[in-house]
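Report on the following structure.
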Amino acid sequence: MTNSLYSHWQQPKDGWLQVDTLDMHTGGEPLRIIIDGFAELQGQTMIEKRADCLTRFDHLRKALMFEPRGHADMYGALITKPERKDSHFGVLFLHNEGYSTMCGHAIIALATAAKDSSICNFIEGVNELRIDTPAGLIKAYITLRNNQLISVCFDNVASYAEKLDMPIEIPLFGTVNCDIAYGGAYYAFVDADTLDVSLAPNDYEQIISLGKIIKQDVNSHYQPKHPTDDALSFLYGVIFYSNSQKSHSVFSRHVCIFAEGELDRSPTGTGVSARAALEFAKGRLKLGQQIKIESILGSIFSVELKAQRMLADTHAVIPRVSGEAFVTGKHTFLIDPNDPLKQGFIFR
Numbered sequence: 001m002t003n004s005l006y007s008h009w010q011q012p013k014d015g016w017l018q019v020d021t022l023d024m025h026t027g028g029e030p031l032r033i034i035i036d037g038f039a040e041l042q043g044q045t046m047i048e049k050r051a052d053c054l055t056r057f058d059h060l061r062k063a064l065m066f067e068p069r070g071h072a073d074m075y076g077a078l079i080t081k082p083e084r085k086d087s088h089f090g091v092l093f094l095h096n097e098g099y100s101t102m103c104g105h106a107i108i109a110l111a112t113a114a115k116d117s118s119i120c121n122f123i124e125g126v127n128e129l130r131i132d133t134p135a136g137l138i139k140a141y142i143t144l145r146n147n148q149l150i151s152v153c154f155d156n157v158a159s160y161a162e163k164l165d166m167p168i169e170i171p172l173f174g175t176v177n178c179d180i181a182y183g184g185a186y187y188a189f190v191d192a193d194t195l196d197v198s199l200a201p202n203d204y205e206q207i208i209s210l211g212k213i214i215k216q217d218v219n220s221h222y223q224p225k226h227p228t229d230d231a232l233s234f235l236y237g238v239i240f241y242s243n244s245q246k247s248h249s250v251f252s253r254h255v256c257i258f259a260e261g262e263l264d265r266s267p268t269g270t271g272v273s274a275r276a277a278l279e280f281a282k283g284r285l286k287l288g289q290q291i292k293i294e295s296i297l298g299s300i301f302s303v304e305l306k307a308q309r310m311l312a313d314t315h316a317v318i319p320r321v322s323g324e325a326f327v328t329g330k331h332t333f334l335i336d337p338n339d340p341l342k343q344g345f346i347f348r
């Protein structure tokens, strides 16, 4: 049924801003791909483009991520010109607190949507998509059969375990150990079973609260140090994991709390990469082995260790992550210059 009462409404011409997006989800985690409405970013590298976006267009990040257009757990991707001549495009990752350095669920969604776009000419079999991110070059692989999408995966940046069994203090829980690992972003890994914390959907509020407390505690006395780029040297999130609260067919369950208390609905692409690097460092995962990790919703990412690599003087691994993404809609967002809430608001 078409209701014509408002079908002839027209956008005023003076001062209104229009932003067009393609919205998707990967394992339940949203992705708002910004396809039009931003001016071209300045800078040669993705780190420079990220800094320019923060300086000149952060009000648009807020408008698209925050209510009433988004919500406290919204996630976005801003497509840019590539940093490298042989890359297809660059991407910046947006969330409620600012900008991430790398995002696996976003890469899976972008690669999925690329199949039905004009980014490149796809052929039968495996197609490579080269994406520049602030964390480095990401190669995604889209497999087609009879022009149908069969699978999507990507090779992540060099990932590694930075610090094992670091003691942290959690109010009401006392001293517990966590591991710090990098998979495109830094995470503190905490065993939920040692805290007797449920990773069920109904317990999300406690998980968010604990994640914010742990992140604050870790940040108060430890700062990760990336081997080659200081701009990547910060703790992005906390991942609670359980090897008992999980489906029978998977290795573990992850619930990631990142940015300003965002709860990832997916297993977290950079998080499963960091987890694989941790398992490798502890001698529990070998090159060529694959594990499956589920999210709080039960959605699954697979991660396989493809190779070892030196990152400066640090021993690292290259994880390959696979998952599924789906389109949820296309949107035209309008920003009225007279709206007192035009930059949005957020409740957390």
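In our numbering, the protein residues as written are 1 to 348.
All residues carry an ideal CB built from backbone N, CA and C; glycine is no exception.
Note that the structure is a prediction, hence the values are computed from the model and not measured.
Between the CA atoms of V272 and E260 - distance to the nearest angstrom: Locating residue 260 in the sequence shown gives position 260, where the first residue counts as 1. Locating residue 272 in the sequence shown gives position 272, where the first residue counts as 1. The alpha-carbon atoms of E260 and V272 are separated by roughly 20 Å.
Helix, strand or coil for P82? Go by DSSP, reduced to three states. In the sequence shown, counting from the first residue as 1, residue 82 sits at position 82. The answer is coil: DSSP assigns P82 none of H, G, I, E or B.
Exposed or buried, which one is Y6 when buried takes at least 16 other CB atoms within 10 Å? As a position in the sequence shown, residue 6 is number 6, starting the count at 1. That one is exposed.
Outcome for M310 when other beta-carbon atoms lying within 10 angstroms are tallied against a minimum of 16: The residue you call residue 310 lines up with position 310 of the sequence shown. Residue environment analysis places M310 among the exposed positions, since fewer than 16 neighbouring C-beta atoms fall within 10 angstroms of its C-beta.
Does the count of Cβ pairs from the segment 288-306 and the segment 322-330 closer than 8 Å reach three? At 8 Å Cβ cutoff, the stretches touch.
Run through the DSSP bridge pairs and tell me what H315 is partnered with. By one-based count along the sequence shown, residue 315 stands at place 315. BP columns for H315 point to M310.
Ends of the beta strand (DSSP E) at G174? Position 174 of the sequence shown holds residue 174. Its beta strand (DSSP E) spans residues G174 to Y182.
Would F333 and L64 be called neighbours here (beta carbons separated by less than 8 Å)? Here residue 333 refers to the residue found at position 333 when the sequence shown is read from its first residue. Here residue 64 refers to the residue found at position 64 when the sequence shown is read from its first residue. Yes, the pair counts as a contact, with Cβ atoms nearer than the cut-off.
Specify whether the segment 98-113 and the segment 18-36 touch according to this definition: at least 3 beta carbon pairs, one from each stretch, less than 8 Å apart. Judged by pairs of C-beta atoms under 8 Å, the segment 98-113 touches the segment 18-36, as three or more such pairs exist.
Buried or exposed (CB count within 10 angstroms, at least 16 for buried), N121: Within the sequence shown, numbered from 1, the residue matching residue 121 stands at position 121. So N121 counts as exposed.
N-terminal and C-terminal residue of the alpha helix (DSSP H) that C53 is part of: Along the sequence shown, read from residue 1 onward, the residue named residue 53 stands at position 53. Residues M46 to R56.
Assign K371 to one of three DSSP states: helix, strand, or coil. In the structure as shown, the chain begins at 1 and stops at 348. Residue 371 is therefore absent and cannot be evaluated.
Look at the alpha carbon of S159 and the alpha carbon of K13, and state the distance between them as a whole number of angstroms. Along the sequence shown, read from residue 1 onward, the residue named residue 159 stands at position 159. Along the sequence shown, read from residue 1 onward, the residue named residue 13 stands at position 13. In this structure, the straight-line span from the alpha carbon of S159 to that of K13 is close to 49 Å.
Below 8 Å between beta carbons: does that hold for L285 and E279? For the purposes of this step, residue 285 is identified with residue 285 of the sequence shown, where counting begins at 1. For the purposes of this step, residue 279 is identified with residue 279 of the sequence shown, where counting begins at 1. L285 is a Cβ neighbour of E279, given a cutoff of 8 Å.
Going by DSSP, what residues sit across from S159 in a beta bridge? Locating residue 159 in the sequence shown gives position 159, where the first residue counts as 1. In the DSSP assignment, S159 is bridged to V317.
Which of the three DSSP states is assigned to F280 in this structure? Position 280 of the sequence shown, counting from 1, holds the residue named residue 280. Reduced to three states, the DSSP call for F280 is helix.
Less than 8 Å between the CB atoms is what I'm expecting for L235 and V218, so what's the real figure, rounded? On the sequence shown, residue 235 is found 235 positions in, with the first residue counted as 1. On the sequence shown, residue 218 is found 218 positions in, with the first residue counted as 1. That belief holds up - the Cβ atoms of L235 and V218 are roughly 6 Å apart, short of 8 Å.
Counterpart residues of R265 in DSSP-defined beta bridges: Looking up residue 265 in the sequence shown gives position 265. DSSP output for R265 lists no bridge partner at all.
Three-way DSSP call (helix, strand, coil) for Y236 in this model: To locate residue 236, count along the sequence shown from 1; it is residue 236. For Y236, the three-state secondary structure derived from DSSP is strand.
By alpha-carbon positions, which one of G298, A307, E124 and G98 ends up nearest to R265? Start at 1 with the first residue of the sequence shown, and residue 265 comes out as number 265. When G298, A307, E124 and G98 are compared, the shortest CA-CA separation from R265 is found for G298.
Whole-angstrom distance between A185 and G98, CA atom to CA atom: Taking the first residue of the sequence shown as position 1, residue 98 is located at position 98. Taking the first residue of the sequence shown as position 1, residue 185 is located at position 185. In this model, G98 and A185 are separated by some 14 Å (Cα to Cα).
Option nearest A316 by Cα separation, candidates T228, V126, P82 and A277: Taking the sequence shown and counting its residues from 1, the one referred to as residue 316 is at position 316. Checked all of T228, V126, P82 and A277; the closest Cα to A316 is A277.
Taking the C-alpha atoms as reference points, what is the distance between Q216 and H226? Looking up residue 216 in the sequence shown gives position 216. Looking up residue 226 in the sequence shown gives position 226. Rounded to the nearest angstrom, the two C-alpha atoms are 19 Å apart.
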